[in-house]
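In my numbering, the protein residues as written are 1397 to 1592. Ideal placement from N, C-alpha and C gives every residue a C-beta, glycine not left out. Notes follow the structure.
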């Protein structure tokens, strides 16, 4: 029986395939070892693992170098800190010594001021006694040559202490050419100013 030319003809898409469709490509873990792409996938993964390993090794080396630099910096700063502490301790010791010296100098200066005031007071009293004695000699002892021996200036210095201490004990020797005193004045025990 012949086909009717007016009947529709089947299209190629309408024809059922003779075999099953091709399954999707399995993953690299599912590939069998005898698969043609398995070796390529393994080589790619091995290269990636090597790159990651190299990167991690470089990171580890960098971290170790950084840690070593930081440790060296810590050691250097610790040494500088110890040196600074020693310098501070030395400065504190010198400051304490300077304060002690300043206190000793202040004490000595105060003592010198006190001694100076005492010496000035004694000098003033001695000069006043000398003036009174000369006035008495001029008044009561006739013939004293006070015109050739003016009164002692209130600012005349006194002899140094070693000379005063070197004088022997006893009556004061009379200067040459002096007029003898009257018995009343000779009996007066004049004070001697000794060093305190």
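The C-alpha of residue 1497 lies about 31 Å from the C-alpha of residue 1518. In the DSSP assignment, residue 1440 falls within the unbroken alpha helix (DSSP H) covering 1434–1536.
Residue 1537 and residue 1528 have their C-alpha atoms spaced approximately 13 Å apart. In its chain, beyond the 5 residues on either side, no residue has a beta carbon closer than 8 Å to the beta carbon of residue 1488. It is roughly 18 Å from the alpha-carbon of residue 1514 to the alpha-carbon of residue 1526. Rounded to the nearest whole angstrom, the C-alpha separation of residue 1444 and residue 1462 is 27 Å. Residue 1495 and residue 1501 have their alpha carbons spaced roughly 10 Å apart.
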